[in-house]
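Chains as they are written, first to last, in our numbering: chain A, 961 to 1412; chain B, 961 to 1412.
Every residue, glycine too, gets a C-beta built ideally from N, C-alpha and C.
Reading through the structure tokens given below for one structure.
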């Protein structure tokens, strides 16, 4: 009987990961993914972690719960990479095939791991439950492999090496649920990795708002040539265009950083007026930081977004320092009762719920009632129903009320209900950023503006 | 000079797609994806569309903006599939390489398409803008390929066939932004597809709440054997465990449907008490439908979720029929001022903001002030800060107030801030579903409950 080594990264390291992890592939397993029933968020997160360590990602692959396909993709990737990190297929049920696929691909057989069984039993015991008999399959591992402890679920992870003629490839198999996968990566994978010694990846990402991708690229000009070192690229997503700068090579870290910073400075000199933040920053986090630094507070009054703006602001840890809260005034009655929008605005012949007047009244009413430094209101037609010739789906008014006045703008958002709502929040946050940073350029999809 | 054929699916069909589309791969392109800077949502959506047509997805692949890697993956997938649908890499900038990769992989060269240029110019003209000179690269296509019209952005899509020794593979290249990609798929790809004539894929997905994945699998028993037709699998995601039933074969459609329905009936007879919906239904949509059917309304009062519950409810089209709105009572002052939580509950020695008493007062206050049939309140410690030994991070109270009383429960949610908030909304919606459907079983992570 062999013992497994939960939390023994050094043992794992010493016995298995004796080569550099230079090129990696990310593998996701599951019918629910290839059938489009579920969104894969693991590949993104895992890529971020590996890239931060200087390991290049050559590919993301997703395959269904099919043993043959699973074994084939492991063999193909193992011939090309030093490292594979997979997620999914470790559950207790018959469609969870990762254990068997890893054993076949590493030319090994599965053995029962007594310490692994104890771990599964302890997990259930700690919750006053007993494992189902099918959970015992989760204590199996390839005979030359290791189990990785799962502190947040029943499925232990797996480690094994696949030797191909081309190279040795280390394979880490993690559970599918992100809240089990992420801590297991941190505890059992990250400490075992050996990023390439000479290899350096340095990146910066600048985020802009209020300019389209091709206009931005035009202004960046030759900075975006594919031959440039570092490489500069752009990505547009929901109103935000990001400028990605990346150095990948063998230069000393300090030199790589300087080259990336130099490219970022050049980009900022060309398009800096549109840049609100960088890296992990979002419009919401930037707005919250500016509020905190100036001792200000914010409240929201949401109609068509139904709480999305509040959700985005409060998603950020520590937001309670400046987010007071707000109102979801979805019905016209709630707009009147909760933030005092005058009833005549809704009367026949009046401007109606989606109007400059109502947006402004919502923002002012919310600011007065909350005592916040600034209040932002959103009212619009998110669709698919409710559009009229005068106010088609996508018509959205956003108003920002502050101590010295107000800024109210109409937008014509494209896309479906989810897009309209998400763009509306981006527009609202961009207006808050402009207010706090003293800027005022037009935003994408903005049609008219009234500043008092 | 060749003319391109915007909206000419029949021409495309007649000239190119002369074989069945039985096996497909989904390809995503972009450094921002492999670097983990952006989440790929296109692969899921495209898979859903193809599976609905009876086309099997063998793989999702994501590669960086690298011409060699892009060409290699096209060649590999073309040898294995009848159809590749890719997204990304069609922008105007130097890192957009899809045009060149498609030309190389299909042994063709790029030509300028005059009608394509006119289309790009018209798109800008309609917005009172001029295209940047770099936008003209977007009018290029492989000489034997076609451009696909983009009504929602500047980047036309591309179609070409790759002939390998193994088979002919049709390749559709769509833009990366979902709001351009999705309508282009609907207009120019879907009508050209030839799903396999005899091949049938029938699926049903049942969604359950309040039972763990292994307990559910234990109850489903032999129904989940991998040899069963149809195949039954399970997937757990944030408190909801889904039962996936799939028939894939050559049986007549009606027979395949009957087999899937029979398996679903068996599953429902075993675990039906936990099943709240199926397919595209979510807890939020099911709760809204039950409210609509019974002529009831709902309001929310959110603290740690900051608007997320309102956002989930109002994400559903037509939600205005029963969602009145609510309050984001993030600060203690807002809890008192907006929904009348008694100030003594926050006093030293009192129960505090995260307590049964405050949750119940929030729900009752919200129900009274909104006049809604039911009101749901959430207050908890989402973390990462704010936890205490008595109320660690993940402690969440949810209260539901209705005409005849209330239901208030404490949960101990695991994971990070985002997980705690998301699980809290799931718990709140599950309580609403139980209330409306007359059920009351304990939910996952529930620690205590008080029903009045």
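Give the single residue among the options whose Cα lies nearest to the Cα of residue i.
{"i": "residue 1334/A", "options": "1344/A, 1340/A and 1323/A", "result": "1323/A"}
{"i": "residue 1293/B", "options": "1267/A, 1259/A, 1359/A and 1289/A", "result": "1259/A"}
{"i": "residue 1066/B", "options": "1038/B, 1110/B and 1076/B", "result": "1038/B"}
{"i": "residue 1387/B", "options": "1282/B, 1180/B and 1171/B", "result": "1171/B"}
{"i": "residue 1362/B", "options": "1411/B, 1356/B, 1107/B and 1317/B", "result": "1411/B"}
{"i": "residue 1063/B", "options": "1074/B, 1094/B and 1100/B", "result": "1100/B"}
{"i": "residue 1188/B", "options": "1328/B, 1206/B, 1001/B and 1176/B", "result": "1206/B"}
{"i": "residue 1111/B", "options": "1130/B, 980/B and 1084/B", "result": "1084/B"}
{"i": "residue 1109/B", "options": "1191/B, 1032/B, 1373/B and 1078/B", "result": "1078/B"}
{"i": "residue 1409/A", "options": "1127/A, 1370/A, 979/A and 1257/A", "result": "1370/A"}
{"i": "residue 1150/A", "options": "1007/A, 1383/A, 1214/A and 1242/A", "result": "1007/A"}
{"i": "residue 1143/B", "options": "1002/B, 1156/B and 1309/B", "result": "1002/B"}
{"i": "residue 1280/B", "options": "1282/A, 1290/A and 1280/A", "result": "1290/A"}
{"i": "residue 1296/A", "options": "1330/B, 1097/B and 1045/B", "result": "1330/B"}
{"i": "residue 1125/B", "options": "1147/B, 1399/B and 1040/B", "result": "1040/B"}
{"i": "residue 1227/B", "options": "1186/B, 1168/B, 1210/B and 1197/B", "result": "1168/B"}
{"i": "residue 1314/B", "options": "1325/B, 1299/B and 1346/B", "result": "1346/B"}
{"i": "residue 1484/B", "options": "994/B, 1005/B and 979/B", "result": "Shown here, chain B extends from 961 to 1412; a query on residue 1484/B therefore has no answer."}
{"i": "residue 1161/A", "options": "1217/A, 1153/A, 1046/A and 1120/A", "result": "1217/A"}
{"i": "residue 1298/B", "options": "1311/B, 1089/B and 1325/B", "result": "1325/B"}
{"i": "residue 1014/A", "options": "995/B, 1015/B and 1025/B", "result": "995/B"}
Bridge partners of residue i, per DSSP?
{"i": "residue 1287/A", "result": "1261/A and 1287/B"}
{"i": "residue 1129/B", "result": "1122/B"}
{"i": "residue 1196/B", "result": "1201/B"}
{"i": "residue 1355/A", "result": "1372/A"}
{"i": "residue 1335/B", "result": "1259/B and 1361/B"}
{"i": "residue 1101/B", "result": "1071/B"}
{"i": "residue 1235/B", "result": "1168/B"}
{"i": "residue 1408/B", "result": "1370/B"}
{"i": "residue 1108/A", "result": "1117/A"}
{"i": "residue 980/B", "result": "According to DSSP, residue 980/B bridges with nothing at all."}
Mind listing the chain E neighbours of residue i? Cutoff is C-beta to C-beta under 9 Å, in chain order.
{"i": "residue 1021/A", "result": "Reference to chain E is not applicable here, since the protein chains of this structure are A and B."}
Can the beta-carbon of residue i be found closer than 7 Å to that of residue j?
{"i": "residue 1166/A", "j": "residue 1235/A", "result": "yes"}
{"i": "residue 1301/A", "j": "residue 1332/A", "result": "no"}
{"i": "residue 984/B", "j": "residue 1017/B", "result": "yes"}
{"i": "residue 1021/A", "j": "residue 1030/A", "result": "no"}
{"i": "residue 1350/B", "j": "residue 1381/B", "result": "no"}
{"i": "residue 1139/B", "j": "residue 1375/A", "result": "yes"}
{"i": "residue 1339/B", "j": "residue 1319/B", "result": "yes"}
{"i": "residue 1244/A", "j": "residue 1284/A", "result": "no"}
{"i": "residue 1178/B", "j": "residue 1092/A", "result": "yes"}
{"i": "residue 1246/B", "j": "residue 1237/B", "result": "yes"}
{"i": "residue 1164/A", "j": "residue 1231/A", "result": "no"}
{"i": "residue 1250/A", "j": "residue 1403/A", "result": "no"}
{"i": "residue 1113/A", "j": "residue 1048/A", "result": "no"}
{"i": "residue 1212/B", "j": "residue 982/B", "result": "no"}
{"i": "residue 1068/B", "j": "residue 1104/B", "result": "yes"}
{"i": "residue 1248/A", "j": "residue 1282/A", "result": "yes"}
When you measure from the CB of residue i to every non-hydrogen atom of the ligand SAM, does any distance come out below 6 Å?
{"i": "residue 984/A", "result": "Looking for the ligand SAM in the displayed structure turns up nothing, as the structure carries no ligands at all."}
Below 8 Å on the Cβ atoms is my guess for residue i versus residue j; work out the distance and round it to an integer in Å.
{"i": "residue 1076/B", "j": "residue 1116/B", "result": "6 Å"}
{"i": "residue 1337/A", "j": "residue 1359/A", "result": "5 Å"}
{"i": "residue 1355/B", "j": "residue 1366/B", "result": "Contact doesn't hold; Cβ gap of about 19 Å is too wide."}
{"i": "residue 1262/A", "j": "residue 1288/A", "result": "5 Å"}
{"i": "residue 1130/B", "j": "residue 1042/B", "result": "7 Å"}
{"i": "residue 1368/A", "j": "residue 1316/A", "result": "5 Å"}
{"i": "residue 1270/B", "j": "residue 1267/A", "result": "3 Å"}
{"i": "residue 1059/B", "j": "residue 1118/B", "result": "7 Å"}
{"i": "residue 1174/B", "j": "residue 1094/A", "result": "6 Å"}
{"i": "residue 999/A", "j": "residue 1004/B", "result": "5 Å"}
{"i": "residue 1159/A", "j": "residue 1210/A", "result": "7 Å"}
* Compile a chain-ordered list of the residues in the stretch 1329-1351 of chain B whose CB is closer than 9 Å to at least one CB of chain A. => 1329, 1330, 1331, 1342, 1343, 1344, 1345 and 1346
* When Cβ atoms are compared, which residues of the stretch 1272-1283 of chain B fall closer than 9 Å to chain A? -> The residues in question are 1272, 1273, 1274, 1275, 1276, 1277, 1278, 1279, 1280 and 1283.
* Asked: Taking a cut of 7 Å between CB atoms, which residues from the stretch 1168-1186 of chain B lie near chain A?
  -> 1173, 1174, 1175, 1177, 1178, 1184, 1185 and 1186
* What residues in the stretch 1034-1054 of chain B bring their beta carbon closer than 8 Å to a beta carbon of chain A? -> 1051, 1052, 1053 and 1054
* For the stretch 1197-1212 of chain B, enumerate the residues whose C-beta is nearer than 9 Å to any C-beta of chain A, in chain order. => 1197, 1198, 1202, 1204 and 1206
* Can you give me, in chain order, the residues of the stretch 1096-1124 of chain B that have a beta carbon less than 7 Å from any beta carbon in chain A? => 1112 and 1114
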